[in-house]
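Presented below is the structure to which this report refers.
Number of protein chains: 2
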Amino acid sequence: MTAPRRRAADMPWDAWGDAAHATALPDSVRDLLAQVLGAPLADAPRTAEEDLRLPPPALPDTARAALVDAVGPGHVVEEDAARLRHTGGKSTLDLLRRRAGDVAAAPDAVVLPGGHEEVAAVLAACARHRVAVVPFGGGTSVVGGVEPLRGPFAAVVALDLRRLDRLVSVDAVARTATLQAGLRTPQAEELLAAHGLTLGHQPQSYEYATIGGYAATRSAGQSSTGHGRFDGMVLALRVATPRGTLELGRAPGSAAGPDLRQLLLGSEGTLGVITEVTLRVRPLPAADRDEAWSFPDFAAGTAALRALAQSDARPTLVRLSDETETFVSAALSGREATPGCLAVVTHEGTAAHVEAVRELSARTLREAGGTELGTEPVARWRHGRYSGPYLRDALLDAGVLAETLETATTWSALPALRQAVTDALTGALGGAGGGPPVVLCHVSHVYPEGASLYFTVVAAAGADPLARWLAAKQAAGDAIAARGGTITHHHAVGTDHRPWMAAEVGPLGVEVLRAVKDVLDPVGVLNPGKLIPGDGA
Amino acid sequence: MTAPRRRAADMPWDAWGDAAHATALPDSVRDLLAQVLGAPLADAPRTAEEDLRLPPPALPDTARAALVDAVGPGHVVEEDAARLRHTGGKSTLDLLRRRAGDVAAAPDAVVLPGGHEEVAAVLAACARHRVAVVPFGGGTSVVGGVEPLRGPFAAVVALDLRRLDRLVSVDAVARTATLQAGLRTPQAEELLAAHGLTLGHQPQSYEYATIGGYAATRSAGQSSTGHGRFDGMVLALRVATPRGTLELGRAPGSAAGPDLRQLLLGSEGTLGVITEVTLRVRPLPAADRDEAWSFPDFAAGTAALRALAQSDARPTLVRLSDETETFVSAALSGREATPGCLAVVTHEGTAAHVEAVRELSARTLREAGGTELGTEPVARWRHGRYSGPYLRDALLDAGVLAETLETATTWSALPALRQAVTDALTGALGGAGGGPPVVLCHVSHVYPEGASLYFTVVAAAGADPLARWLAAKQAAGDAIAARGGTITHHHAVGTDHRPWMAAEVGPLGVEVLRAVKDVLDPVGVLNPGKLIPGDGA
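Top line first, the protein sequences correspond to chains E and R. To convert, count from 1 in the first sequence and add 9; that's this note's numbering. To convert, count from 1 in the second sequence and add 9; that's this note's numbering.
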């Protein structure tokens with residue numbers, strides 16, 4: 010087993026990412042926003058850490074002793090600083106609550122197991138002592154997935170998997186690698202690069218999100234068009250549950266009944282804790298090529314992406330911004346926007362493959378009405394590909410409500426779904442002492458049958474931004490469900506999307522999930538209140 | 010909805026396929042086999058249909074009345090001829106039993122629902138009246154999947170889905186099609202071809218197997234290298250269960266929790282009856298190219314296939330025979346065998362794609378030690394691609410034991426697994442009044458991480474061929490489980506692989522499957538004794 014050399018520092022409790030990279034909103038953007046939203050911006054100061062009052066830790070002595078038995082005395086942490094940094098994820102709701110000083114949800118302790126057996130021992134101890142367990146990887150959830158809900162229990166611990174940070178094995182012949190769940194992506198890539206390999210999974214949360222978290226939430230990376238979703242890269246899973254260990258996945262293809270890996274993928278810590286993942290890996294690309302394209306409008310752009318997705322020449326990455334996002338992105342970087350819609354395309358692989366696919370795909374895009382813009386817009390996009398959440402923090406600091414949501418559907422249903430979600434957001438967020446919200450949209454994951462739609466919403470905060478966002482989210486979620494889209498393409502369910510799970514899989518599907526949970530977690534201590542409707546939380 | 014024009018006749022009760030295509034073993038092959046197996050061949054006559062004695066149908070009057078209510082009076086059939094043709098599938102065990110006159114397993118009736126609601130009504134009636142239900146599509150199972158086991162119930166019906174034979178809808182923009190479960194593949198392809206579309210799924214059972222059966226058993230077709238496994242083509246499923254209907258699959262990609270489609274895919278009629286499947290379809294290929302390649306030996310051939318599977322230039326179909334299969338195939342068609350191992354490769358798609366991929370793949374195969382042989386061996390393979398089961402019938406008629414089995418594993422584990430299975434078969438089947446068996450092997454489904462291994466076994470029948478095969482199957486299955494392969498890559502589980510399911514998914518995995526069954530089929534009437542270890546059957 011090989012351990013990586015370094016790990017980035019924890020994220021601030023009240024913001025995204027690396028505090029050194031935090032930015033303020035440029036004055037030009039402030040002015041533009043005030044004008045567009047029809048309301049002056051007013052700084053929204055954050056509560057200082059020393060002014061926070063966390064509830065006293067409520068872990069019973071017997072439970073603490075059992076947890077210490079499981080992981081050793083140094084690895085059950087009850088200090089406020091650690092508890093605060095495990096008080097939920099990074100949604101706008103999470104940040105607004107914590108910035109306002111609401112830290113009532115803090116877990117009673119943070120438990121840091123050192124390996125699979127210790128995770129299993131923690132789960133057994135929590136089931137025995139009736140303590141809720143919230144698995145915590147990168148802490149990047151934007152759907153309430155790591156909110157430390159107690160459910161019907163008197164205490165809750167955050168199960169931080171950071172010590173599971175090893176590359177367990179590499180099979181260079183089969184091109185697979187087994188990684189521990191707590192590895193953050195840059196560490197994982199560093200370990201794989203030593204073998205000339207890469208995972209090729211780059212979601213916006215890349216710098217902090219973990220291998221286990223990707224599996225537990227069915228992550229999709231920016232290169233999903235070429236490399237596939239994370240769930241599609243998973244060959245095998247090792248999962249600790251209060252009832253014992255599941256080892257799932259024996260071959261690259263199998264007809265041996267239902268695929269139980271697919272029950273644990275996306276289970277968000279409610280059915281078990283994923284401790285090791287065996288993944289498809291690939292050689293570091295020998296060649297790559299970037300190109301930007303412009304389309305007259307979003308309809309032409311999506312038609313072009315569809316042609317590409319249904320062709321034999323799919324790029325590694327493709328992403329299309331709508332007219333508003335194209336305009337706003339340019340404005341944010343102080344450039345003049347190209348008219349219409351900007352698309353970013355990249356190809357990776359062997360030199361021969363990149364050349365062959367690039368030629369075919371360029372022909373497809375040109376025939377669909379695209380104009381090639383060269384590489385510079387891609388370089389700009391690459392530079393900022395992980396920085397969206399920093400901008401959100403700056404907007405929140407400036408008293409502006411900003412959040413994202415996403416869905417996916419078929420190509421044929423895409424235009425109406427986009428319109429319905431935009432209308433829902435605009436309807437819910439308009440008129441609170443200002444103009445309508447700004448709703449940006451892009452397509453960033455394409456399949457032969459359809460694509461994702463990713464919305465960014467910027468709106469006046471109003472007197473109660475939390476309530477405003479909850480109403481907007483409800484309206485958008487209802488619009489998605491009514492139009493047959495999925496309630497989430499890659500953000501997962503957590504608490505925030507749980508109200509739509511019955512629409513997503515039907516009441517009988519919910520019963521199935523609950524029955525599986527009853528087998529694996531009969532006491533119900535695993536991440537209560539998440540994903541599966543109807544538990545006590 | 011569009012109905013297809015014609016449907017092939019039912020298969021004979023005692024053999025594969027179309028009776029008009031049955032062949033006898035050529036004398037030259039008989040002589041060769043007698044010599045190789047070390048025992049003279051002796052014709053094994055089949056029992057005549059008029060000499061069979063089926064048990065009297067045992068359907069209680071109340072149950073019959075409820076079923077007639079569900080599907081109409083003409084669609085509950087209790088005649089011997091229909092019952093006989095639903096007495097199990099087409100494994101060698103099935104055929105040996107029935108040819109010997111053992112038809113004790115005949116179902117008590119054949120029920121023919123006309124649509125989803127009628128299937129649901131049948132399941133409700135069977136649960137209420139405690140009658141086992143065995144879903145029956147093409148009847149092509151070779152693992153006991155359609156054996157009419159009663160479980161703890163007094164009666165069993167075969168639920169024949171042939172009347173669910175409609176193309177429900179086509180989405181030309183998203184390139185998806187919704188097909189009813191009882192459509193055989195040639196009918197489905199005929200309906201899709203009218204829209205310029207194709208499914209591209211061609212297993213050996215192509216002419217008889219059904220859309221629902223493919224989904225229920227996680228079929229893999231001969232073009233799986235390019236088009237993927239059947240489960241990978243499924244966008245959505247409609248499933249009738251005794252507890253109601255499941256509608257699963259809302260988008261081409263989703264992070265809305267566990268993927269419940271993957272619980273119903275491969276469920277083999279034990280959790281519900283799949284009535285409609287929404288599938289990825291593709292345009293009829295504009296171009297194709299066939300080429301055969303020769304490799305000095307199986308190790309060189311598998312290394313070449315691995316290089317291809319891990320490259321950017323994967324063919325539509327690739328298949329590599331080992332030395333013995335290469336030799337025997339040539340001998341069967343009266344040709345001189347090429348030395349070493351024969352591989353068959355095909356490319357399909359647009360003309361530009363075929364040309365680009367063909368060039369890259371030819372380079373890869375040449376660098377791996379391959380010699381191109383032209384198209385003629387591929388034409389020969391295409392001609393006989395669905396005819397293997399007819400040859401098996403001829404061998405059984407000639408008193409020779411013949412059967413196939415398959416598995417899959419990683420490239421790194423492939424050589425040892427192949428050796429272990431070959432040794433197990435040779436050990437179990439050698440020495441019964443003859444020489445060792447002939448064991449052929451090919452690789453026909455490749456993935457970046459590994460491949461399938463498909464074994465064909467021909468052996469002296471001995472005094473009790475049934476017992477001999479059961480012993481060989483046990484030895485081979487144990488070898489597969491011990492080496493970490495999957496117990497089945499595409500034949501499914503049924504009765505025959507059920508003993509290895511606990512090894513495949515672990516005892517906790519079996520508990521999960523059983524809990525799901527208890528939700529969807531609380532009385533346990535759905536295909537008892539199949540797939541999930543531990544029920545009463």
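Using N, Cα and C, we set each Cβ at its ideal position, and we do this for glycine too.
> Which same chain residues, not among the five before or five after arginine 4/E, have their C-beta less than 6 Å away from its C-beta?
Replying inline: Nothing in the structure corresponds to residue 4/E, since chain E is present only between 10 and 546.
> What number of angstroms, rounded off, separates the C-alpha of proline 195/E from the C-alpha of proline 424/R?
Replying inline: Numbered from 1 along the first sequence, position 186 holds the residue referred to as residue 195/E. Numbered from 1 along the second sequence, position 415 holds the residue referred to as residue 424/R. Roughly 35 Å between the two C-alpha positions.
> Counting only beta-carbon atoms, is alanine 546/E nearer than 8 Å to chain R?
Replying inline: For this step, residue 546/E is matched to residue 537 along the first sequence. At alanine 546/E the pLDDT is 48, less than 50, meaning the model places this residue with poor confidence; the figure from the coordinates comes in the next sentence. Output row for alanine 546/E: interface = no.
> Can you name the residues of chain R whose CB is closer than 8 Å to the CB of valine 182/E?
Replying inline: Your numbering for residue 182/E matches position 173 in the first sequence. Chain order gives the chain R residues near valine 182/E as Arg315, Thr419, Trp420, Ser421, where near means a beta carbon separation below 8 Å.
> When the Cα atoms are used, what is the spatial distance from glycine 459/R to leucine 314/R?
Replying inline: Residue numbering aside, residue 459/R sits at position 450 when the second sequence is read from its first letter. Residue numbering aside, residue 314/R sits at position 305 when the second sequence is read from its first letter. Rounded to the nearest angstrom, the two C-alpha atoms are 10 Å apart.
> Using 8 Å as the threshold, is the region 235-249 of chain E in touch with the region 393-403 of chain R, meaning 3 or more CB pairs across them?
Replying inline: no
>> Taking only three categories from DSSP, how would you classify proline 474/R?
In response: Position 465 of the second sequence, counting from 1, holds the residue named residue 474/R. Three-state DSSP puts proline 474/R in a helix.
> So which of Thr413/E, Ala411/E, Leu341/E has the shortest CA-CA distance to arginine 389/E?
Replying inline: What you label residue 389/E is simply residue 380 of the first sequence in a count that begins at 1. Looking at the Cα atoms, Leu341/E is the closest of the given residues.
> Do alanine 437/E and alanine 480/E have their C-beta atoms within less than 8 Å of each other?
Replying inline: The residue given as residue 437/E occupies position 428 in the first sequence. The residue given as residue 480/E occupies position 471 in the first sequence. Taking C-beta atoms as the reference points, alanine 437/E and alanine 480/E count as a pair closer than 8 Å.
> On the premise that aspartate 169/R lies in contact with leucine 121/R, defined as a C-beta separation below 8 Å, what is that separation, rounded to the nearest angstrom?
Replying inline: Looking up residue 121/R in the second sequence gives position 112. Looking up residue 169/R in the second sequence gives position 160. Contact flag correct, Cβ pair sits at about 5 Å.
> Considering serine 150/R, what are the terminal residues of the beta strand (DSSP E) in which it resides?
Replying inline: Here residue 150/R corresponds to residue number 141 of the second sequence, with the count starting at 1. That residue, serine 150/R, is in no beta strand (DSSP E); it is neither H nor E in DSSP.
> Looking at C-alpha atoms only, which residue of Val525/E, Val519/E, Pro516/E is the closest neighbour of valine 519/R?
Replying inline: The sequence position of residue 519/R within the second sequence is 510, counting from 1. Cα-wise, what sits closest to valine 519/R is Val525/E.
> Looking at chain E, which residues of the region 236-262 of chain R have a Cβ within less than 8 Å of any of its Cβ atoms?
Replying inline: Arg238, Asp240, Leu244, Thr250, Arg252, Gly253, Thr254, Leu255, Glu256, Leu257, Arg259, Ala260, Pro261, Gly262
> For alanine 28/R, which three-state DSSP category applies?
Replying inline: Position 19 of the second sequence holds residue 28/R. Residue state for alanine 28/R is assigned as helix, using DSSP reduced to three classes.
> Does the beta carbon of glycine 146/R sit closer than 8 Å to a beta carbon anywhere in chain E?
Replying inline: Here residue 146/R is taken as the residue at index 137 of the second sequence, counted from 1. Glycine 146/R does not count as touching chain E.
>> Tell me the rounded alpha-carbon separation between threonine 207/E and leucine 293/E.
In response: Position 198 of the first sequence, counted from the start, is the residue given in the question as residue 207/E. Position 284 of the first sequence, counted from the start, is the residue given in the question as residue 293/E. Between threonine 207/E and leucine 293/E, the C-alpha separation is close to 5 Å.
> Can you find a C-beta in chain R that's less than 8 Å from the C-beta of proline 267/E?
Replying inline: Looking up residue 267/E in the first sequence gives position 258. Cβ-Cβ to chain R under 8 Å: yes for proline 267/E.
>> On the criterion of 16 or more Cβ atoms from any shown chain inside 10 Å, does leucine 540/R qualify as buried, or is it exposed?
In response: What you label residue 540/R is simply residue 531 of the second sequence in a count that begins at 1. Classification for leucine 540/R: buried.
> At which residue ranges does the region 459-541 of chain E contain complete alpha helix (DSSP H) runs of 4 or more residues, listed in the order of the chain?
Replying inline: 474-491, 510-529
> To the nearest whole angstrom, what separates the beta carbons of proline 261/E and threonine 419/R, a pair I think is in contact under 8 Å?
Replying inline: Position 252 of the first sequence holds residue 261/E. Position 410 of the second sequence holds residue 419/R. Between threonine 419/R and proline 261/E the Cβ distance is about 7 Å, and since that is below 8 Å, they are a contact.
> Out of Val354/E, Ile496/E, Gly266/E, which has the shortest C-alpha to C-alpha gap to alanine 512/R?
Replying inline: Your numbering for residue 512/R matches position 503 in the second sequence. Nearest option by C-alpha distance: Gly266/E.
>> Is there a Cβ of chain R sitting closer than 8 Å to that of glutamate 458/E, yes or no?
In response: Your numbering for residue 458/E matches position 449 in the first sequence. For glutamate 458/E, the answer is yes, since a Cβ of chain R falls inside 8 Å of its Cβ.
> Exposed or buried, what is aspartate 563/E when buried is set at 16 or more other beta-carbons lying within 10 Å of its beta-carbon?
Replying inline: Residue 563/E is absent from the model: chain E starts at 10 and stops at 546.
> At which residues does the alpha helix (DSSP H) containing alanine 133/R begin and terminate?
Replying inline: Counted from its first residue, the second sequence places residue 133/R at position 124. Residues 125-138.
>> On the criterion of 16 or more Cβ atoms from any shown chain inside 10 Å, does histidine 210/R qualify as buried, or is it exposed?
In response: Sequence index remark: in the second sequence, residue 210/R carries index 201 (1-based). Histidine 210/R should be labelled buried.
> Can at least three beta-carbon pairs, one atom from the region 247-256 of chain E and one from the region 213-222 of chain E, be found at a separation below 8 Å?
Replying inline: Verdict: no, contact absent.
> In chain order, what residues of the same chain have a beta carbon less than 8 Å from the beta carbon of alanine 134/R, not counting five sequence neighbours either side?
Replying inline: The residue labelled residue 134/R in the question sits at position 125 within the second sequence. Closer than 8 Å at the Cβ level, and outside the excluded window around alanine 134/R, lie Ala72, Ala75, Leu76, Asp78, Ala79, Val140.
>> I'd like to know whether the C-beta of serine 178/E is nearer than 8 Å to at least one C-beta of chain R.
In response: In the first sequence, residue 178/E corresponds to position 169, counting from 1. No, no contact with chain R.
> Helix, strand or coil: how does DSSP classify aspartate 52/E here?
Replying inline: Your numbering for residue 52/E matches position 43 in the first sequence. Aspartate 52/E: coil per DSSP, three-state reduction.
> List, in order along the chain, the chain R residues whose C-beta lies closer than 8 Å to that of methionine 510/E?
Replying inline: To locate residue 510/E, count along the first sequence from 1; it is residue 501. Near methionine 510/E (Cβ distances below 8 Å), the residues of chain R are Ala265, Gly266.
>> To test your reading of the DSSP string, which unbroken alpha helix (DSSP H) runs of 4 or more residues are found completely within the region 71-96 of chain R?
In response: 89-93
> Any beta-carbon of chain E closer than 8 Å to the one on glutamine 319/R?
Replying inline: Locating residue 319/R in the second sequence gives position 310, where the first residue counts as 1. Yes, its Cβ sits closer than 8 Å to a Cβ of chain E.
> Is it buried or exposed for serine 276/E, if we count other Cβ within 10 angstroms and need 16 for buried?
Replying inline: For the purposes of this step, residue 276/E is taken as residue 267 along the first sequence, with counting starting at 1. It counts as buried.
>> Output needed for valine 38/E: all residues of its chain with C-beta closer than 8 Å, excluding positions within five of it in sequence on either side, in chain order.
In response: One-based indexing of the first sequence puts residue 38/E at position 29. Answer for valine 38/E: Ala340, Leu341, listed in chain order.
> Hey, quick one: how far does the beta strand (DSSP E) through glycine 358/R stretch, first residue to last?
Replying inline: Looking up residue 358/R in the second sequence gives position 349. From DSSP, the beta strand (DSSP E) with glycine 358/R extends over 350-358.
> Since aspartate 180/R and serine 461/E are thought to touch, with beta carbons under 8 Å apart, how far apart are those beta carbons, to the nearest angstrom?
Replying inline: Here the question's residue 180/R lines up with position 171 in the second sequence. Here the question's residue 461/E lines up with position 452 in the first sequence. No, aspartate 180/R and serine 461/E are not in contact; Cβ-Cβ is about 18 Å, not under 8 Å.
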